[in-house]
Structure formats: C-alpha cells, structure tokens
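Visitor: This structure is in structure tokens; I'll ask about it shortly.
In UniProt numbering, the protein residues as written are 1 to 253.
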C-alpha cells in the first residue's frame, strides 16, 4: 500500500506587481503518493513551476500548508528549508547547472559530500549511478562543455540522486534537448521511478508526460483535472497516448 509522501492544504501563492495582487496558486489540496511519477501540466502562466517550487521548499507559500510526511515544511525558515532540501530533495532543471570548472564526477561528489562525509562510499555510489545512466569511466573526468546535452542532463540526474532523495523534482528536464537525447533522459527517469523513486515533473510536452503514472492539470492556479495513467510500459505507449490526448483535449489544452 502506498503512503502519502507530500500533502498540501489550502495552498496559496500570491505575488504583488505594481500594487496589484496576482493569485498564482489558489487553495490547492494535493496528496502525492510515495513511488509515484507525478506530472504537472498546464498552459503557460497556469502556475506549474510556482507549484513545483512551493512543493520542493524552494519557495514559501503565501497561505496554507505543505506537509512532507509528518513535517510542516511551510513553517520552516530559509536555513531550515535549505537543510530540508539537501537531505530530502533532488532537482533536475531544463538548465542543467553543472559547474563548468569541475569534472562530471566531481560535480556529483560536490553534492554528495554535503550530506555524507564518507568520501569512499560517496565515490563508489557516484560511479555506480553514472554507469547506471550510461556515463561510463571515460566520461567521469570530462568537463560539462565536453558533454552532449543528453549526457549533461543524465549527469544532472545522477547529481539529483546521489543523496538518495525522497523526491526528485524536475522542471522541464527535456525542454532543451533533441528527440534522441530526450528519450535517453526519460528512459533514465522511468527506470529510477520503476525502482521506487518518487518524481514530480513539470512539462508541456506530451511525449514527456507519457512517462508519468499520474497527470495533474493546472489551470489558473487550480487543479482542473487529475488523470491516472498507471505505470509506463513501452508496449502500451499508443494506448497511453490516446488516453492522455483525450484528457488534455477535455482540459482545453
């Protein structure tokens, strides 16, 4: 039986612009289940990334609660949130943010050693994860500028996984990649999810969204639709596409 790993209660986020309040997220009640691959979709300006940043503790809500397991993270100050993210969250962005002056392996180790001081164990785990995503020893000493976009994003995924996060948050992780590189990155994310990793991902791309087992559709800061797709399998891709496409059409996509 799945457990609820993240839950929001009356989550609101507002911004002030020119003296006018803009309500981006409006009274959201969401329960995310452990082990799910949850996809957040919606038109531009619907609040997708704002929701992702709030759920991950990268931004604080205006009102409401965000409960990670039994901890109300919306009550934490900025320093406490930084510690929470370090130990519980992994992040994969469209802009990969690898450090240019460090090798692939050192980029991963820099994140791992923030949590564990057992360098031998972290080095071993980093090499194992890099190989798992198809980045073998010949790539470990390369700098980010020497990698293809797909290779760099796979290295970014390893960096996100090195501290065994409870949840990986991904914001348009394939948005800057070509089709082949996107497929390789999505294959990695699908594999780690099938191994039990919880993932929450924002995307505007239908092919990318197909990898999720649940799709939340956001419109004007409100959850307008919630689709259960089930676990991803290549053999059922056409059926999933038709189901998702019909759902998005109903949402006014």
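From the three backbone atoms N, C-alpha and C, an ideal C-beta is built for every residue, glycine too.
Quick one: which unbroken alpha helix (DSSP H) runs of 4-plus residues sit fully inside the stretch 18 to 100? Chain order, please.
Guide: 48 to 55 and 78 to 88
Visitor: Distance check for residue 118 and residue 87, CA to CA, integer angstroms please.
Guide: Roughly 15 Å separates the two Cα atoms.
Visitor: Here's a check: name, in chain order, each residue in its chain whose Cβ is nearer than 8 Å to the Cβ of residue 108, leaving out the five neighbours to either side.
Guide: 126, 129, 130, 155, 158, 159 and 162
Visitor: For residue 265, report the span of its alpha helix (DSSP H) as first-last.
Guide: The first residue shown for the chain is 1 and the last is 253, placing residue 265 beyond what the model contains.
Visitor: Name the one or two DSSP bridge partners that residue 7 has.
Guide: 31 and 67
Visitor: How many whole angstroms separate the CB atoms of residue 26 and residue 62, which I take to be in contact at a CB cut-off of 8 Å?
Guide: At roughly 10 Å, the Cβ-Cβ gap does not stay under 8 Å, so residue 26 and residue 62 are not in contact.
Visitor: Report the three-state DSSP secondary structure of residue 170 (helix, strand or coil).
Guide: strand
Visitor: Under the DSSP definition of a beta bridge, which residues are partnered with residue 200?
Guide: 38 and 169
Visitor: Who does residue 15 pair with in a DSSP beta bridge?
Guide: BP columns for residue 15 point to 22.
Visitor: How far does the alpha helix (DSSP H) with residue 214 in it extend, from its first residue to its last?
Guide: Where residue 214 is concerned, there is no enclosing alpha helix (DSSP H), although the beta strand (DSSP E) it sits in stretches over 214 to 219.
Visitor: Give me the DSSP bridge partner(s) of residue 223.
Guide: Answer is 218.
Visitor: With distance defined between alpha-carbon atoms, name the residue in 17, 243, 23 and 45 nearest to residue 202.
Guide: 45
Visitor: Under 7 Å, do residue 259 and residue 153 count as touching if we go by C-beta distance?
Guide: Outside the shown range of the chain, which is 1 to 253, sits residue 259, and nothing can be said about it.
Visitor: What would DSSP say about residue 270, mapped onto helix, strand or coil?
Guide: Within the shown structure, residues of the chain are numbered from 1 to 253, placing residue 270 beyond reach of any answer.
Visitor: Going by beta carbon distance, what residues of the same chain come within less than 8 Å of residue 148, once the five residues before and after it are set aside?
Guide: The residues 181, in chain order, have a CB closer than 8 Å to that of residue 148 in the same chain once the five nearest residues on each side in sequence are set aside.
Visitor: For residue 228, which residues does DSSP report across the bridge?
Guide: For residue 228, which the question treats as bridged, DSSP gives the partners 214.
Visitor: When the Cα of residue 49 is compared with those of 220, 146, 189 and 187, which residue comes out closest?
Guide: The shortest Cα separation from residue 49 among 220, 146, 189 and 187 belongs to 220.
Visitor: At the level of alpha carbons, what is the spacing between residue 77 and residue 66?
Guide: 13 Å
Visitor: Would you mind sorting residue 168 into buried or exposed? The rule is 16 or more other CB atoms within 10 Å of its CB.
Guide: buried
Visitor: On the criterion of 16 or more Cβ atoms from any shown chain inside 10 Å, does residue 99 qualify as buried, or is it exposed?
Guide: Per the 10 Å Cβ criterion, exposed.
Visitor: By the DSSP assignment, the alpha helix (DSSP H) with residue 194 in it spans what residues?
Guide: 179 to 194
Visitor: If we call anything under 7 Å between Cβ atoms a contact, is residue 89 one with residue 144?
Guide: no
Visitor: Which first and last residues belong to the alpha helix (DSSP H) in which residue 176 is found?
Guide: It is not in any alpha helix (DSSP H) - residue 176 carries neither H nor E in the DSSP assignment.
Visitor: With a Cβ-Cβ cutoff of 7 Å, do residue 185 and residue 134 count as a contact?
Guide: no
Visitor: So, at 7 Å on beta carbons, what are the nonlocal neighbours of residue 263 in its own chain, with the 5 sequence-adjacent residues on each side left out?
Guide: The structure shown has nothing for residue 263, since the chain only spans 1 to 253.
Visitor: Report the rounded CA-to-CA distance for residue 214 versus residue 7, giving the unit in angstroms.
Guide: 15 Å
Visitor: Nearest by alpha-carbon distance to residue 189: which of 112, 23, 136 and 93 is it?
Guide: 93
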